[in-house]
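Asks: Quick note on my numbering: the sequence shown kicks off at 1152 and runs consecutively. Just so you know, even glycine gets a beta-carbon here, dropped at the ideal spot from N, CA and C. Could you have a look at this structure, given as structure tokens, before my questions?
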Amino acid sequence: MKAVGDYACIQIENTITSSGIQIKNDGIGVCLSCPSKPDLIDKQVLFDINQKFHEHEDKIFIDSKFIMGVIE
């Protein structure tokens, strides 16, 4: 699956806290596609979860300007 234009496709994972609560979106994911910023592909990124985004299965599509950083 690929993003187009200024969007990024980010794969998110379900995480489970130590108390057993399942969290689907904590603002961290792996960038699968980002035509406007190809250097982000295959990197773990931090994005603003307060912005509106579209979700499909375990992937989200968000405007690339809402990607705040790369986790190394």
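If you draw a straight line from the alpha carbon of LYS1188 to that of GLY1180, how long is it in whole angstroms?
Replies: 15 Å
Asks: Which ranges would you report for the beta strand (DSSP E) in the stretch 1168-1192 if only whole runs of at least 3 residues count?
Replies: 1179-1184
Asks: Tell me the rounded alpha-carbon separation between GLU1206 and LYS1194.
Replies: 19 Å
Asks: Got a sec? Which residues, its chain only, sit under 8 Å from VAL1221 by beta carbon, not counting five neighbours each side?
Replies: These residues qualify, in order along the chain: LEU1191, LYS1194, GLN1195, VAL1196, LEU1197.
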